[in-house]
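For the sequence shown, the positions run 0 to 399 when numbering that gives the first Met the number 0 is used.
Using N, Cα and C, we set each Cβ at its ideal position, and we do this for glycine too.
Have a look at the structure below, then the notes.
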Amino acid sequence: MTAAPQIPPQATAAAPAAGARAKRRIAWAGLAVNLPLAVGKISIGLVAGSPALVADGVHSLSDLASDVTVLWALGHSARGPDREHPWGHGRFETLATLAVALALTLAAAGILWDAGARLAGGGVMPQPGLLALLAALGSVLIKEALFHATLRVGRRTGSRLLMANAWHHRSDALSSVVAAAGIGGGMLGWPLLDPLAAAVIAAMLLRVAWNYGRPAVDELVDAQAPEAERAALAATLRDCPGVTGLRALRLRRHGAERQADVSILVDPQITVTEAHRISEAAHERALAAHPALGQLVIHVEPAGHEEGYGATAAPLRHEVEARLCTILAQHWPGVTLQQVRLDYFDHGIEIEIFAEARDDTLTRPEVIGADLTARLRRSLPGLAELRLRPANARTSSAGS
Numbered sequence: 000m001t002a003a004p005q006i007p008p009q010a011t012a013a014a015p016a017a018g019a020r021a022k023r024r025i026a027w028a029g030l031a032v033n034l035p036l037a038v039g040k041i042s043i044g045l046v047a048g049s050p051a052l053v054a055d056g057v058h059s060l061s062d063l064a065s066d067v068t069v070l071w072a073l074g075h076s077a078r079g080p081d082r083e084h085p086w087g088h089g090r091f092e093t094l095a096t097l098a099v100a101l102a103l104t105l106a107a108a109g110i111l112w113d114a115g116a117r118l119a120g121g122g123v124m125p126q127p128g129l130l131a132l133l134a135a136l137g138s139v140l141i142k143e144a145l146f147h148a149t150l151r152v153g154r155r156t157g158s159r160l161l162m163a164n165a166w167h168h169r170s171d172a173l174s175s176v177v178a179a180a181g182i183g184g185g186m187l188g189w190p191l192l193d194p195l196a197a198a199v200i201a202a203m204l205l206r207v208a209w210n211y212g213r214p215a216v217d218e219l220v221d222a223q224a225p226e227a228e229r230a231a232l233a234a235t236l237r238d239c240p241g242v243t244g245l246r247a248l249r250l251r252r253h254g255a256e257r258q259a260d261v262s263i264l265v266d267p268q269i270t271v272t273e274a275h276r277i278s279e280a281a282h283e284r285a286l287a288a289h290p291a292l293g294q295l296v297i298h299v300e301p302a303g304h305e306e307g308y309g310a311t312a313a314p315l316r317h318e319v320e321a322r323l324c325t326i327l328a329q330h331w332p333g334v335t336l337q338q339v340r341l342d343y344f345d346h347g348i349e350i351e352i353f354a355e356a357r358d359d360t361l362t363r364p365e366v367i368g369a370d371l372t373a374r375l376r377r378s379l380p381g382l383a384e385l386r387l388r389p390a391n392a393r394t395s396s397a398g399s
């Protein structure tokens with residue numbers, strides 16, 4: 000039998016503790032790089048007379064805000080469930096991912112605005128020096144290295160937040176490419192190169208913002224996980240012995256992990272304890288097969304009877320027992336109920352009664368059983384079958 004795919008593979012390669020440490024390290028590395036880089040580009044741009052490099056340095060400052068947001072989110076999302084957050088804190092990462100996507104959108108809008116203004120101005124730009132060009136090219140190399148390092152950790156830990164932040168680093172690298180193109184174009188006499196390249200890069204950034212922002216919104220509104228992931232989990236649960244089917248499987252993202260709830264169908268004739276054992280086995284098997292699955296809630300239902308009369312319309316135990324006691328008190332006062340077993344099916348309720356009597360009334364339990372059946376059906380038309388047994392029959396059956 001072919002093993003079902005895991006949910007998802009990229010989210011399970013690192014142990015939770017090691018993954019949390021790796022995410023914090025790369026976020027701090029981004030902060031350590033972006034602060035001096037932003038200050039350096041702004042300073043050199045002012046000295047070298049390059050407005051493009053100054054604007055690029057200001058863009059790097061937005062990366063600082065992104066890094067602070069990432070560190071805040073990682074600090075909160077790593078905490079386990081508590082009284083106020085019983086499902087954990089994973090969605091702090093989701094909120095931060097959405098914030099980074101918005102930052103990418105604003106950065107793209109700023110680049111487009113600047114490009115449009117320069118094109119409208121006829122492409123006039125100052126003549127910067129070689130130092131500005133070298134600073135821009137150096138920024139490209141540094142931010143590309145940071146992009147790849149952050150993206151690698153994001154993929155290994157399954158963190159969309161880090162992957163989005165990695166693309167924010169790349170947006171700064173691309174911004175530096177634009178600055179370098181503008182500086183080089185100005186030095187070579189091609190002033191329109193800068194704004195045209197900026198427009199293309201802005202479109203790329205908007206696409207990246209959409210690719211990370213849309214899943215974040217989907218997660219916040221509890222959209223279903225992709226069908227392939229649901230199918231993988233369903234296959235694992237169906238393979239568990241005792242599970243005859245599934246119903247209402249729901250799977251959602253919660254930060255870097257998954258959460259699911261499902262109804263498993265079991266043989267309606269088995270005991271509650273056996274059904275519970277099957278559900279625990281299914282739960283254990285699913286968590287082992289899909290390490291990204293953080294929480295799984297399983298509801299047990301009888302196969303073939305999960306939505307019919309027995310499940311939704313039949314009276315509950317206290318109502319049935321009250322009617323039985325009333326009939327016995329009126330017509331068979333010497334008989335006392337000891338235990339009542341109820342089986343709820345679509346065709347009706349099957350009742351098995353264990354009783355005892357003060358005299359020899361129960362020497363012929365089928366007589367009382369027939370009378371109880373006839374009288375009970377008057378108020379309980381859904382009664383399918385009633386069986387009356389002496390209480391000592393239950394004891395003998397248990398002993399044998």
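Exposure label - residue i; buried when at least 16 CB within 10 Å
i	result
ASP359	exposed
VAL242	buried
GLY333	exposed
ARG206	exposed
ASN33	buried
LEU129	exposed
HIS167	buried
PRO240	exposed
GLU228	buried
ARG59	Before going on, a small fix: residue 59 reads as Ser here, not Arg. When all chains shown are included, SER59 counts as buried.
THR93	buried
PRO35	exposed
VAL305	Contrary to the premise, residue 305 reads as Glu rather than Val in this sequence. So GLU305 counts as buried.
SER278	buried
LEU187	exposed
LEU415	This structure cannot settle anything about residue 415, because the visible part of the chain is limited to 0 through 399.
VAL46	exposed
HIS346	exposed
PRO364	buried
ALA247	exposed
ALA369	exposed
Coarse secondary structure for residue i, derived from DSSP in three states
i	result
LEU101	helix
ALA356	strand
GLU300	strand
GLU384	strand
LEU292	strand
GLU365	helix
GLY347	strand
PRO35	helix
LEU379	coil
LEU315	coil
GLN337	strand
Distance, residue j Cα to residue i Cα
i	j	result
ARG257	ILE297	15 Å
PRO301	GLN268	8 Å
VAL21	ALA148	Checking the displayed sequence, the identity of residue 21 turns out to be Ala instead of Val. When rounded, the distance between both Cα atoms is 11 Å.
VAL271	HIS317	18 Å
LYS142	ALA233	42 Å
SER175	VAL38	14 Å
ALA281	ASP342	24 Å
ARG155	LEU145	15 Å
LEU382	GLY307	14 Å
ALA119	ALA224	46 Å
GLY157	ALA116	40 Å
ILE352	ALA274	22 Å
ARG340	MET162	57 Å
ALA215	ALA202	20 Å
ALA230	VAL265	20 Å
HIS330	ILE367	10 Å
ARG169	ALA108	16 Å
ASP113	GLY56	14 Å
ASP238	ARG377	45 Å
ARG23	ARG284	31 Å
ALA312	ALA373	21 Å
ALA172	VAL299	53 Å
Test: residue i CB closer than 8 Å to a CB of chain B
i	result
ALA291	Reference to chain B is not applicable here, since this structure consists of a single protein chain.
Proximity below 8 Å, CB of residue i to CB of residue j
i	j	result
GLY29	ASN164	yes
CYS324	LEU336	yes
ILE263	LEU245	yes
ILE350	LEU385	yes
LEU132	ALA179	yes
THR104	ALA208	yes
VAL261	LEU286	no
LEU371	PRO389	no
VAL152	ILE25	yes
ARG322	LEU387	no
> What runs of the beta strand (DSSP E), each 3 residues or longer, lie entirely inside the segment 208-265?
Replying inline: 244-253, 256-265
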